Ligand SMILES: Cc1ncc(COP(=O)(O)O)c(C=O)c1O
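Numbering (this note's numbering), first residue to last: 29 to 427.
The structure is reproduced here in structure tokens:
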């Protein structure tokens, strides 16, 4: 809660120092340590007989450290999360008509991976309080053709992994057994569900170190985690032309310079998350008692990384009025909110052509009501206060 006097004071201090966006273009913080690590890796590569190598050090060390942090047996570094999701789907050897259940409120990467591997997307509803795939809806949508469940941990929070794994166990595929739960952890690196790090419980976890993510490796990068030896060998082979297992492959390798920077970022990750959480908690207080806004919910059994700060607007404000609020924040206060995400099938014909089970009323309603308020580990308390004061001011004026 901020009273009117405080609101005025926060606004009069002037605009935020940074032009904040709902998903800032650098999601982590870079310092001299990253620069030094990158320069040292380049210097090592200057020896003609070594160059940048073939997934040599420090890539294996980064993989081991990351896997240990997550609590998984294997870590396989890749050039971005997308190819990791593709590998998870290709490993299933889907046949035409095979189905994978994917949350509707989603980025396009996971559903496109299903399409790329020749499968059919079956859209699952998401829970409006957490924006995560709803295990009850998954149970309803499982058919004899279901081959996997895609748990996409949306916007910093984890899905109810235990419940999804339980649903998968209760509905085994006739030929392949319990359904694998594939975790897309691109937006929730470092998040925890019931005491377990995301990416450690499912069949595999796929992480993104893209510039906007909780930790970043020079713009692009990703990691696959798994406890499955065979899948780990498949990924190591697939990321470099299928050399070691004579399977199909292309080049999806990470560079040594990225891995060197990744090791530094990993050491800082928990502090980045702590900084996001501190800002989020302060923001919860400031936005409490604004009846039109439901701030993000953190279930007691999970740790939210607040990759995004995802709010839901009241039903009467859905769509046009929500969009007016977003425009007003941008035009009058220089703060950009984003909608992450409306159901992924809405604007992509290719996803519609390879899917069934839509439209989804609940997910579409969420898509018309959600908006993400900028948050970042380097955001100052003053900027956080300015953004909240501006948001309350805009709501007041639009009432
Ligand atoms: C939920 C989700 N999955 C996957 C990806 C793909 O990550 P990358 O850019 O590393 O391929 C993203 C990227 O924004 C994402 O948000």
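Here a beta-carbon is modelled for each residue, glycine too, at the ideal position from N, C-alpha and C.
Since we're looking at a predicted model, the values are computed, not measured.
Mapping the DSSP letters down to three states, classify residue i as helix, strand or coil.
{"i": "residue 361", "result": "helix"}
{"i": "residue 248", "result": "coil"}
{"i": "residue 403", "result": "coil"}
{"i": "residue 274", "result": "coil"}
{"i": "residue 119", "result": "helix"}
{"i": "residue 398", "result": "strand"}
{"i": "residue 124", "result": "coil"}
{"i": "residue 82", "result": "coil"}
{"i": "residue 318", "result": "coil"}
{"i": "residue 30", "result": "coil"}
{"i": "residue 332", "result": "coil"}
{"i": "residue 391", "result": "helix"}
{"i": "residue 129", "result": "strand"}
For the alpha helix (DSSP H) that residue i lies in, which residues bound it at each end?
{"i": "residue 103", "result": "That residue, residue 103, is in no alpha helix (DSSP H); its beta strand (DSSP E) goes 102-106."}
{"i": "residue 90", "result": "87-98"}
{"i": "residue 142", "result": "137-144"}
{"i": "residue 163", "result": "163-169"}
{"i": "residue 148", "result": "Where residue 148 is concerned, there is no enclosing alpha helix (DSSP H), although the beta strand (DSSP E) it sits in stretches over 148-152."}
{"i": "residue 420", "result": "409-426"}
{"i": "residue 71", "result": "60-73"}
{"i": "residue 265", "result": "257-266"}
Our contact map puts residue i next to residue j with C-beta atoms below 8 Å; I'd like the distance itself, whole angstroms only.
{"i": "residue 220", "j": "residue 186", "result": "7 Å"}
{"i": "residue 273", "j": "residue 287", "result": "The pair is not a contact, with the Cβ atoms about 23 Å apart (cut-off 8 Å)."}
{"i": "residue 400", "j": "residue 314", "result": "So it is not a contact: roughly 16 Å between Cβ atoms."}
{"i": "residue 137", "j": "residue 117", "result": "Not really, about 11 Å apart at Cβ, beyond 8 Å."}
Can the beta-carbon of residue i be found less than 8 Å from the beta-carbon of residue j?
{"i": "residue 294", "j": "residue 242", "result": "no"}
{"i": "residue 133", "j": "residue 391", "result": "yes"}
{"i": "residue 254", "j": "residue 101", "result": "yes"}
{"i": "residue 275", "j": "residue 266", "result": "yes"}
{"i": "residue 54", "j": "residue 303", "result": "no"}
{"i": "residue 147", "j": "residue 161", "result": "no"}
{"i": "residue 335", "j": "residue 311", "result": "no"}
{"i": "residue 112", "j": "residue 234", "result": "yes"}
{"i": "residue 195", "j": "residue 156", "result": "no"}
{"i": "residue 383", "j": "residue 150", "result": "yes"}
{"i": "residue 208", "j": "residue 231", "result": "yes"}
{"i": "residue 389", "j": "residue 135", "result": "no"}
{"i": "residue 367", "j": "residue 331", "result": "no"}
{"i": "residue 50", "j": "residue 402", "result": "yes"}
Hey, quick one: how far does the beta strand (DSSP E) through residue i stretch, first residue to last?
{"i": "residue 232", "result": "232-236"}
{"i": "residue 179", "result": "174-180"}
{"i": "residue 212", "result": "209-212"}
{"i": "residue 339", "result": "337-341"}
Quick one, which of the options has its alpha-carbon nearest residue i's?
{"i": "residue 103", "options": "301, 311 and 263", "result": "263"}
{"i": "residue 419", "options": "318, 330 and 252", "result": "318"}
{"i": "residue 249", "options": "404, 406 and 109", "result": "109"}
{"i": "residue 411", "options": "32, 59, 43 and 34", "result": "43"}
{"i": "residue 405", "options": "340, 299, 347 and 62", "result": "299"}
{"i": "residue 326", "options": "316, 342 and 309", "result": "309"}
{"i": "residue 291", "options": "129, 88 and 125", "result": "88"}
{"i": "residue 449", "options": "378, 41 and 98", "result": "Absent from the structure is residue 449, since the part of the chain shown begins at 29 and ends at 427."}
{"i": "residue 175", "options": "182, 205, 159 and 193", "result": "205"}
{"i": "residue 85", "options": "360, 73 and 119", "result": "73"}
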